[in-house]
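Visitor: Below is the structure I would like to discuss, written out as C-alpha cells.
Number of protein chains: 2
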Amino acid sequence: MNKQEAITLLQEHGHKMTKRREDILNFFAQEDKYYTAKDLYQYMESIYPGISFDTVYRNLHLYHDLGILESTELNAEKHFRMNCGSHHHHHFICNTCGKTKKINICPMDDVAHLLSTYKIDGHKFEVYGFCPTCQPA
Amino acid sequence: MNKQEAITLLQEHGHKMTKRREDILNFFAQEDKYYTAKDLYQYMESIYPGISFDTVYRNLHLYHDLGILESTELNAEKHFRMNCGSHHHHHFICNTCGKTKKINICPMDDVAHLLSTYKIDGHKFEVYGFCPTCQPA
DNA sequence: TTTACAAATCGTAATCATTACGATATACTT
DNA sequence: AAGTATATCGTAATGATTACGATTTGTAAA
C-alpha cells in the first residue's frame, strides 16, 4: 500500500481528505516498521501542536478498518504499520529498531489438519530478534 | 505443572507459602485455559473480600517468572494459564470458552533458514477459533 | 514456643494506553 | 457561496496495570 492508493481508498469510501490524514500517511510511509499510537501522536504534535488524541486514534482505527494499516499487539501496546501486500504473510520484527521483514511461510498450512474438529478463525505468527544492522555484541 | 510441583518450586526459591498463594494455584488448576488477572481477582475476592490488586498481580508475576504460569496477550489484556509441559509448544485458543489445545508443531523449524542473517530471540504462534463444543451456528 | 525479621499483604493512589463525547471547525457537494 | 455531513478539538472517563508506605504473617533461629 502506498500513499496514493490509500488516498484513493479513503475517497472511494466517502471519507474526506484532510491535511492531518495525509500527514498520517506520510508518517507510516517512512519505514517498513511497526509504530505505536504514541509514535504517531508525537510526530503529529510536532506539526499540529495540541492535536487531539481523538484524531490520532480515530484515524488509526479508520485506516486499519480500510486495510491501509495492519496492526499487532506488542508489549501491551498496539502497533501499526503500512499494509505491505495483498497476499497473506507474517513478519520478523527487530527488537531494537522495530523494522520488519516479511515471512512468506504460513504455519497454518501444516497445522490445519491437526485441528480438523475445530473451526479456525484466525492465527498469529511473529518472529522477534535482531536484524543484521542491530546485532547485539 | 501441578499444584504440588508449584508449591515445591516456590519453596525451593525461598518464597513463603500462604493461603492466598495456594488458592491462586487452585484457581489455575481448574481448567486448561487462559484466564485474565480480573478472572483471578474475582475468584480471590470471593474468598478474601478486599484483597489487594497488589497481591494478585505480584503473585501472577512471581508465578510467571518461576515458570508455574505461562502467559499471552489477548485483546489488549494479559492472560495466564498453568504451564502445560516442559517441551516447547503452542496453543489453539477457543474464542468462546477460552479452553486451549496444545499444538506440537513449531513453525520455527521451517522458518529459521529464511532468517539466517538475523538473530532470533523469540516468536509467537497461536491459533484462534471455536472448539468442538463451542461451534457457532 | 517464643522471638525476630524478611517477605507478603493491604489500602489506596498513580500511571499509561485507550476511549468517549459535546462543541466547534472544515471538506466537499450543489 | 451555502449547506451539511464529517472531522477535529478539548477534555474527561475508563480499564488494566503498577507503585508504595504501613501493617501483618510465615518461617527460621533462639
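Going down the list, the sequences are from chains H and E.
The first sequence begins at 821 in our numbering and counts up by one.
The second sequence begins at 821 in our numbering and counts up by one.
For every residue, glycine included, the Cβ atom is placed at its ideal position computed from N, Cα and C.
Bear in mind that the values here come from a model prediction, so they are computed numbers and not experimental data.
Under 7 Å Cβ-Cβ, which residues of chain E neighbour Phe912/H?
Guide: Within 7 Å Cβ-Cβ: Leu935 and Tyr938.
Visitor: Between His881/E and chain H, is there a C-beta pair that is closer than 8 Å?
Guide: No - not a single Cβ of chain H is within 8 Å of the one on His881/E.
Visitor: Starting from the beta carbon of Gly949/E, find every residue of chain H whose beta carbon is closer than 9 Å, and list them in chain order.
Guide: Within chain H, the residues near Gly949/E are Leu935, Tyr938, Lys939, Ile940, Asp941, Gly942 and His943.
Visitor: Using beta-carbon positions only, say whether Tyr854/E and Ile913/E come within less than 8 Å of one another.
Guide: In this structure, Ile913/E lies closer than 8 Å to Tyr854/E by Cβ.
Visitor: Looking at Ile888/H and Met837/H, is the spacing between their C-beta atoms short of 8 Å?
Guide: Their beta carbons are not under 8 Å apart, which means Met837/H does not touch Ile888/H by this criterion.
Visitor: What is the DSSP secondary structure of Tyr883/H, reduced to helix, strand or coil?
Guide: Note: Tyr883/H maps to helix in three-state DSSP.
Visitor: Is His911/E closer than 8 Å to Cys926/E when the C-beta atoms are compared?
Guide: Result no, Cβ atoms of Cys926/E and His911/E do not sit closer than 8 Å.
Visitor: Do we get a CB-CB distance below 8 Å when we pair Val876/E with the residues of chain H?
Guide: It does not; no Cβ of chain H falls within 8 Å.
Visitor: If you count every other CB in all the chains shown that lies within 10 Å of the CB of Thr916/E, and 16 or more means buried, which is it?
Guide: Exposed.
Visitor: Considering only DSSP beta bridges, list what Tyr855/H is partnered with.
Guide: Tyr855/H pairs with Phe900/H.
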